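**Q** Could you have a look at this structure, given as structure tokens, before my questions?
There are 2 protein chains.
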Amino acid sequence: MDRDLQTVFEKLSFCFETRKFADLRIVLLDLEPADIAQFMENNLNEKEQLMFFRLLPKELASDVFIETDTDTQERFIKAFTDKELKAVIDDMFLDDTVDIIEEMPANVVKRILKNSDPENRKQINELLVYPDDSAGSIMTTEYVSLSATMSVESAFERIRRTGVNKETIYTCYVTDRKKRLLGVVTVRDLLLADKSELIADIMDSNVITLNTLEDKEQVALKFSKYDFIAMPVIDKEGCLVGIVTIDDAVDVIQEEATEDIQKMAAMLPTEKPYLKQSIWSIWKARVPWLLLLMISATFTSMILSHYENSLALVANGVLYAFVPMLMGTAGNAGNQTSVTVIRALALGEVEFRNVLKVIFKELGASFVLGLTVSIACFLKLWLIDSLYNKVTIEVAFIVSIVLLLAIMMAKLVGCILPLIAKKCKLDPAVVASPFMTTIVDVLTLVIYCVISIAILG
Amino acid sequence: MDRDLQTVFEKLSFCFETRKFADLRIVLLDLEPADIAQFMENNLNEKEQLMFFRLLPKELASDVFIETDTDTQERFIKAFTDKELKAVIDDMFLDDTVDIIEEMPANVVKRILKNSDPENRKQINELLVYPDDSAGSIMTTEYVSLSATMSVESAFERIRRTGVNKETIYTCYVTDRKKRLLGVVTVRDLLLADKSELIADIMDSNVITLNTLEDKEQVALKFSKYDFIAMPVIDKEGCLVGIVTIDDAVDVIQEEATEDIQKMAAMLPTEKPYLKQSIWSIWKARVPWLLLLMISATFTSMILSHYENSLALVANGVLYAFVPMLMGTAGNAGNQTSVTVIRALALGEVEFRNVLKVIFKELGASFVLGLTVSIACFLKLWLIDSLYNKVTIEVAFIVSIVLLLAIMMAKLVGCILPLIAKKCKLDPAVVASPFMTTIVDVLTLVIYCVISIAILG
Numbered sequence: 000m001d002r003d004l005q006t007v008f009e010k011l012s013f014c015f016e017t018r019k020f021a022d023l024r025i026v027l028l029d030l031e032p033a034d035i036a037q038f039m040e041n042n043l044n045e046k047e048q049l050m051f052f053r054l055l056p057k058e059l060a061s062d063v064f065i066e067t068d069t070d071t072q073e074r075f076i077k078a079f080t081d082k083e084l085k086a087v088i089d090d091m092f093l094d095d096t097v098d099i100i101e102e103m104p105a106n107v108v109k110r111i112l113k114n115s116d117p118e119n120r121k122q123i124n125e126l127l128v129y130p131d132d133s134a135g136s137i138m139t140t141e142y143v144s145l146s147a148t149m150s151v152e153s154a155f156e157r158i159r160r161t162g163v164n165k166e167t168i169y170t171c172y173v174t175d176r177k178k179r180l181l182g183v184v185t186v187r188d189l190l191l192a193d194k195s196e197l198i199a200d201i202m203d204s205n206v207i208t209l210n211t212l213e214d215k216e217q218v219a220l221k222f223s224k225y226d227f228i229a230m231p232v233i234d235k236e237g238c239l240v241g242i243v244t245i246d247d248a249v250d251v252i253q254e255e256a257t258e259d260i261q262k263m264a265a266m267l268p269t270e271k272p273y274l275k276q277s278i279w280s281i282w283k284a285r286v287p288w289l290l291l292l293m294i295s296a297t298f299t300s301m302i303l304s305h306y307e308n309s310l311a312l313v314a315n316g317v318l319y320a321f322v323p324m325l326m327g328t329a330g331n332a333g334n335q336t337s338v339t340v341i342r343a344l345a346l347g348e349v350e351f352r353n354v355l356k357v358i359f360k361e362l363g364a365s366f367v368l369g370l371t372v373s374i375a376c377f378l379k380l381w382l383i384d385s386l387y388n389k390v391t392i393e394v395a396f397i398v399s400i401v402l403l404l405a406i407m408m409a410k411l412v413g414c415i416l417p418l419i420a421k422k423c424k425l426d427p428a429v430v431a432s433p434f435m436t437t438i439v440d441v442l443t444l445v446i447y448c449v450i451s452i453a454i455l456g
Numbered sequence: 000m001d002r003d004l005q006t007v008f009e010k011l012s013f014c015f016e017t018r019k020f021a022d023l024r025i026v027l028l029d030l031e032p033a034d035i036a037q038f039m040e041n042n043l044n045e046k047e048q049l050m051f052f053r054l055l056p057k058e059l060a061s062d063v064f065i066e067t068d069t070d071t072q073e074r075f076i077k078a079f080t081d082k083e084l085k086a087v088i089d090d091m092f093l094d095d096t097v098d099i100i101e102e103m104p105a106n107v108v109k110r111i112l113k114n115s116d117p118e119n120r121k122q123i124n125e126l127l128v129y130p131d132d133s134a135g136s137i138m139t140t141e142y143v144s145l146s147a148t149m150s151v152e153s154a155f156e157r158i159r160r161t162g163v164n165k166e167t168i169y170t171c172y173v174t175d176r177k178k179r180l181l182g183v184v185t186v187r188d189l190l191l192a193d194k195s196e197l198i199a200d201i202m203d204s205n206v207i208t209l210n211t212l213e214d215k216e217q218v219a220l221k222f223s224k225y226d227f228i229a230m231p232v233i234d235k236e237g238c239l240v241g242i243v244t245i246d247d248a249v250d251v252i253q254e255e256a257t258e259d260i261q262k263m264a265a266m267l268p269t270e271k272p273y274l275k276q277s278i279w280s281i282w283k284a285r286v287p288w289l290l291l292l293m294i295s296a297t298f299t300s301m302i303l304s305h306y307e308n309s310l311a312l313v314a315n316g317v318l319y320a321f322v323p324m325l326m327g328t329a330g331n332a333g334n335q336t337s338v339t340v341i342r343a344l345a346l347g348e349v350e351f352r353n354v355l356k357v358i359f360k361e362l363g364a365s366f367v368l369g370l371t372v373s374i375a376c377f378l379k380l381w382l383i384d385s386l387y388n389k390v391t392i393e394v395a396f397i398v399s400i401v402l403l404l405a406i407m408m409a410k411l412v413g414c415i416l417p418l419i420a421k422k423c424k425l426d427p428a429v430v431a432s433p434f435m436t437t438i439v440d441v442l443t444l445v446i447y448c449v450i451s452i453a454i455l456g
């Protein structure tokens with residue numbers, strides 16, 4: 000945390016504890032809502048939080064409310080009077096209200112809807128219909144719309160009149176009577192144009208749009224590709240139904256990256272910050288894969304049992320000692336590839352049609368990588384491992400060859416699995432990463448046992 | 000890829016091949032620069048790309064140039080005449096010029112600087128001084144500055160006069176004569192204010208600022224925390240030296256997530272898209288860790304060799320069969336934790352001062368997780384593994400107990416390593432994730448061998 004912010008927090012704590020509420024408000028007015036929420040959650044207990052929230056200047060209350068985490072929001076709503084709740088909700092943008100509603104239990108949702116304006120309630124209900132991972136679920140209906148026949152001057156008037164409650168005013172949307180999107184015009188265009196010009200003449204009619212049902216991951220990629228600060232969302236009929244703003248896209252980008260990282264590390268994704276997760280929710284997220292992978296390791300046990308006697312008999316039984324090294328290195332090699340391909344798929348850099356290109360690239364890379372690593376391994380076996388173990392040159396040779404084959408196999412599995420998952424519309428991060436290790440483990444062991452026994456036995 | 004975009008690309012290809020350049024230009028004017036760059040790079044060979052680029056409408060050329068990848072940019076610059084180069088550079092924002100310069104070899108940089116305006120050249124040189132990962136390196140000096148004594152009306156005049164070449168006009172910066180930052184005012188504030196009001200009266204003087212040397216990862220976090228579309232960058236003296244815009248922050252967020260994912264999968268980070276990487280660059284990124292981890296696996300070989308005879312003698316030698324399962328499960332368990340903590344550190348959710356909280360949480364979680372998994376393992380050994388192997392109840396018991404201990408140990412190592420790395424100002428993703436596996440492997444083996452032999456031998 001910033002040292003400046005630390006100082007401000009100490010001041011806040013002092014004013015709050017000594018009940019200097021006038022001073023407190025002065026400090027608060029200089030702070031960003033996100034910082035106030037951070038202060039409340041990290042420095043106050045539950046009872047103090049509510050008391051503190053009620054002290055907030057009216058114009059800050061809903062902004063701070065949005066920034067607190069879901070549990071706090073739920074607690075607050077349950078403690079609010081209807082009047083308090085209504086004040087907070089009325090001041091929020093609709094997409095934020097919808098985000099909150101989506102996380103709340105049914106009885107809390109009911110109270111929120113009861114305390115919303117009838118007009119807002121209608122729009123909230125419309126927004127709630129969209130699936131959780133769609134563009135519709137992160138859009139807001141509060142945008143500035145203009146008509147094509149307006150002059151620049153009357154467009155400014157309209158922005159002045161209606162802009163206060165809009166999430167962004169910098170991109171305005173030109174629609175016809177049926178709400179079909181005709182074009183966009185930015186405040187920059189308006190400022191640089193002549194007052195008497197018509198919107199139709201300065202608007203950009205080639206608009207990159209989003210569809211209501213488009214995956215929000217796709218939405219985030221479009222934002223990072225095109226560098227817009229807002230994008231319009233249209234329905235099947237081509238009518239404008241809302242906009243997505245860049246700040247929501249940024250949240251999606253962060254969340255999607257976190258989720259992919261969690262999935263690749265064999266966990267169920269969760270949006271909650273780590274320190275807020277209970278031991279029970281950690282258990283729930285981690286136990287399924289841990290169990291599944293433990294049980295699937297039965298295959299490696301079976302292979303080792305099967306070859307047990309043969310392995311113990313040849314080469315003075317030294318072969319066992321290199322099983323972890325071989326499986327570990329193959330696992331690392333496969334992981335490098337699967338993670339690379341999964342991320343490239345997530346960023347839209349690679350698609351299924353690139354499958355051959357990817358396979359050839361990985362085959363080439365895995366051969367030179369495998370060669371380097373297995374030559375190094377041969378030298379290591381010969382120079383280091385022979386010091387503590389009865390490694391013959393024959394054993395060193397077998398282990399190194401198996402290592403080369405295992406690395407190439409692992410990289411092939413690592414690139415094909417995510418691509419197949421993508422093709423089958425499964426999530427590459429879930430399917431490919433945790434599963435890959437098991438497949439690679441089993442295949443590495445089989446290659447090792449078969450080759451050693453063929454040569455030595 | 001969108002089907003619409005696909006259709007447009009086919010049209011472009013057709014116009015280009017049949018040399019219908021007038022039609023081509025009409026299609027081009029309706030496209031976003033990012034799409035044109037994508038078309039060039041995916042559908043044309045190197046010679047065609049240059050020819051195509053020269054056909055671009057003048058106002059699109061630099062925007063498309065910025066969107067192409069570094070190799071293409073270098074090829075283009077080398078092929079450009081001085082006049083062409085100057086035209087492209089003059090049309091770019093300074094931060095984009097600097098980004099390009101940072102990737103180019105010395106002789107290309109020289110040509111770029113030679114062909115820049117003297118005024119721009121001075122600013123470019125100033126921007127080039129900042130370290131690669133700092134706020135200074137991603138900022139631009141092209142912002143709108145206002146003075147506090149201006150009226151709203153004259154502020155608008157100034158924006159109209161100077162705004163064309165600014166990266167954003169929506170947030171304006173109020174500075175004094177020495178360029179010290181006094182406050183910010185948004186175009187929204189200006190539009191909603193009365194024309195005769197003074198900037199000093201409507202500006203927000205509590206500005207969240209960035210420092211020139213602040214880590215760009217930190218910059219990205221501030222953007223996602225505060226939801227701004229631009230943030231001012233000040234130097235040590237408090238003078239405004241530039242701004243960072245949200246589109247650059249979005250790129251940083253994507254890059255940082257990709258880099259962390261690469262590091263956690265034991266690779267050196269690279270910014271190049273996967274399909275553009277040569278086999279040689281893939282080799283360079285992957286071989287160091289693969290070698291290091293292979294060599295560090297010597298420890299597991301040593302331990303297995305050391306206990307070889309004892310392990311073979313007790314329990315009919317079945318103990319070997321469970322080594323991969325134990326090491327694999329412990330590795331997965333440790334990885335879940337280290338990846339969670341590394342991501343939480345990257346998002347600023349966890350700091351070193353939370354170390355005890357994290358350890359207690361992981362101890363608790365690892366105990367319930369370990370208990371669940373080892374009970375399941377006991378049942379599996381008893382019901383499944385005994386079918387193909389001489390597993391006694393004693394062996395099943397030992398393996399399950401070792402599994403519980405190994406999971407708890409792995410999760411402890413997995414949470415402590417990243418926190419220590421962070422404290423030592425090392426990169427948690429590099430230090431913690433690849434290293435963790437080796438440590439966990441070794442410790443799991445030691446626990447297994449010592450306990451089995453103590454009980455059975």
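Sequence order for the protein chains is A and D.
Using numbering that gives the first Met the number 0, the letters of the first sequence correspond one by one to residues 0 to 456.
Using numbering that gives the first Met the number 0, the letters of the second sequence correspond one by one to residues 0 to 456.
Virtual Cβ for every residue (Gly too), placed ideally from N, Cα, C.
Here the structure is a predicted model, which means the values were calculated and not measured.
To be precise: take each residue of the segment 47-79 of chain A, compare its Cβ to all Cβ atoms of chain D, and keep it if any distance is under 8 Å. Which residues remain?
**A** Under the 8 Å Cβ criterion, the segment 47-79 of chain A contributes no residue.
**Q** In terms of residues, what are the limits of the alpha helix (DSSP H) holding Y306 of chain A?
**A** Per DSSP, Y306 of chain A belongs to the alpha helix (DSSP H) from 297-312.
**Q** Should the segment 152-169 of chain D be regarded as contacting the segment 183-192 of chain A, the criterion being three or more beta carbon pairs within less than 8 Å?
**A** The answer is yes - the segment 183-192 of chain A touches the segment 152-169 of chain D, with three or more Cβ pairs under 8 Å.
**Q** So is N164 of chain A in contact with chain E if we call contact Cβ pairs under 7 Å?
**A** This model lacks chain E altogether; the protein chains it does include are A and D.
**Q** At what residues does the beta strand (DSSP E) containing G241 of chain D begin and finish?
**A** Segment 239-244, the beta strand (DSSP E) holding G241 of chain D.
**Q** Give the range of the alpha helix (DSSP H) segment to which I123 of chain A is assigned.
**A** Where I123 of chain A is concerned, the enclosing alpha helix (DSSP H) stretches over 117-127.
**Q** Using a beta-carbon distance cut-off of less than 8 Å, what residues from the segment 154-185 of chain A approach chain D?
**A** Here the close residues are F155, I158, R159, G162, V163, I168, Y169.
**Q** What residues match up with N41 of chain A in a beta bridge as DSSP calls it?
**A** Answer by DSSP bridge pairing: none, since N41 of chain A is not bridged.
**Q** Alpha carbon to alpha carbon, how far is L49 of chain A from L112 of chain A? Give it in angstroms, no decimals.
**A** Using only the alpha carbons, I get a separation of about 22 Å.
**Q** Output the distance between the C-alpha atoms of L303 of chain A and L292 of chain D, rounded to the nearest integer angstrom.
**A** Cα to Cα, L303 of chain A sits roughly 23 Å from L292 of chain D.
**Q** Let me confirm a value: E45 of chain A is counted as buried when at least 16 other C-beta atoms fall within 10 Å, else exposed. Which label applies?
**A** Answer is exposed; the Cβ neighbour count stays below 16.
**Q** 7 Å is my cut-off, CB to CB: does A281 of chain D come that close to chain A?
**A** Just to set this straight, residue 281 of chain D is Ile in the shown sequence, not Ala. Yes, its Cβ sits closer than 7 Å to a Cβ of chain A.
**Q** Is there contact between the segment 405-423 of chain A and the segment 257-270 of chain A, where contact requires at least three CB pairs shorter than 8 Å?
**A** In short, these stretches do not touch, since the Cβ pair count stays below three.
**Q** Assuming L418 of chain A is part of the alpha helix (DSSP H), what are its boundary residues?
**A** That run of the alpha helix (DSSP H) goes 392-422.
**Q** Hey, does P231 of chain A have any beta-carbon neighbour from chain D nearer than 7 Å?
**A** No, because no Cβ of chain D sits closer than 7 Å to the Cβ of P231 of chain A.
**Q** Would a check of beta-carbon distances place M91 of chain A closer than 7 Å to chain D?
**A** No - not a single Cβ of chain D is within 7 Å of the one on M91 of chain A.
**Q** Determine the DSSP secondary structure at A264 of chain A, reduced to helix, strand or coil.
**A** A264 of chain A falls in the coil class under three-state DSSP.
**Q** Less than 7 Å between the beta carbons of S204 of chain D and G237 of chain D, yes or no?
**A** Not closer than 7 Å, so no.
**Q** Quick check: F377 of chain D and A395 of chain D, are their CB atoms within less than 7 Å of each other?
**A** Yes, these two residues count as a Cβ contact at 7 Å.
**Q** Among D:E16, D:D90, D:W381, which has the Cα closest to the Cα of T391 of chain D?
**A** Among D:E16, D:D90, D:W381, the Cα nearest to that of T391 of chain D is on D:W381.
**Q** Bridge partners for R179 of chain D per DSSP, in chain order?
**A** Per DSSP, D:C238.
**Q** With H, G and I counted as helix, E and B as strand and the rest as coil, what does DSSP make of D247 of chain A?
**A** Here D247 of chain A sits in helix by DSSP.
**Q** Beta-carbon within less than 8 Å of V357 of chain A's beta-carbon, same chain only, minus the 5 sequence neighbours each way: which residues are those?
**A** V340, V349, C414, L418, listed in sequence order.
**Q** Under 8 Å Cβ to Cβ from I454 of chain A, same chain only, skipping five residues before and after it: list those, please.
**A** Correct list, in chain order: E393, I397.
**Q** Residues bridged to Y172 of chain A by DSSP?
**A** For Y172 of chain A, which the question treats as bridged, DSSP gives the partners A:S144, A:V183.
**Q** Identify whether P427 of chain D lies in helix, strand or coil by the three-state DSSP scheme.
**A** Helix.
**Q** V206 of chain D and P231 of chain D look like a contact to me (Cβ under 8 Å); what is the Cβ gap, rounded to whole Å?
**A** Going by Cβ atoms, the distance from V206 of chain D to P231 of chain D rounds to 6 Å, so yes, they are a contact pair.
**Q** Within a Cβ cutoff of 6 Å, which residues of the same chain sit near D384 of chain A, ignoring the five residues on either side of it in sequence?
**A** So the qualifying residues of the chain are V390.
**Q** In chain D, which residues lie with their C-beta within 7 Å of the C-beta of K194 of chain A?
**A** None at all; the shortest Cβ gap to chain D is about 11 Å.
**Q** Give me the Cβ distance between R159 of chain A and L191 of chain D, rounded to the nearest whole Å; I'm assuming they're in contact under 8 Å.
**A** Between L191 of chain D and R159 of chain A the Cβ distance is about 6 Å, and since that is below 8 Å, they are a contact.
**Q** Counting only the same chain and skipping the five closest in sequence on each side, list residues whose C-beta sits under 8 Å from that of R120 of chain A.
**A** Closer than 8 Å at Cβ, skipping near neighbours: L112.
**Q** Would you say P427 of chain A and L318 of chain A are within 7 Å of each other, going by their C-beta atoms?
**A** No, these two residues do not count as a Cβ contact at 7 Å.
**Q** Check the C-beta distance from A409 of chain A over to A320 of chain A and give it rounded, since I have them as a contact under 8 Å.
**A** Rounded, the Cβ-Cβ distance is 20 Å, inconsistent with contact.
**Q** Going by DSSP in three states, I228 of chain A sits in which element: helix, strand or coil?
**A** In this structure, I228 of chain A counts as coil in the three-state DSSP scheme.
**Q** When you compare the segment 422-436 of chain D with the segment 271-283 of chain D, are there three or more beta-carbon pairs, one atom per stretch, that lie closer than 8 Å?
**A** At 8 Å Cβ cutoff, the stretches do not touch.
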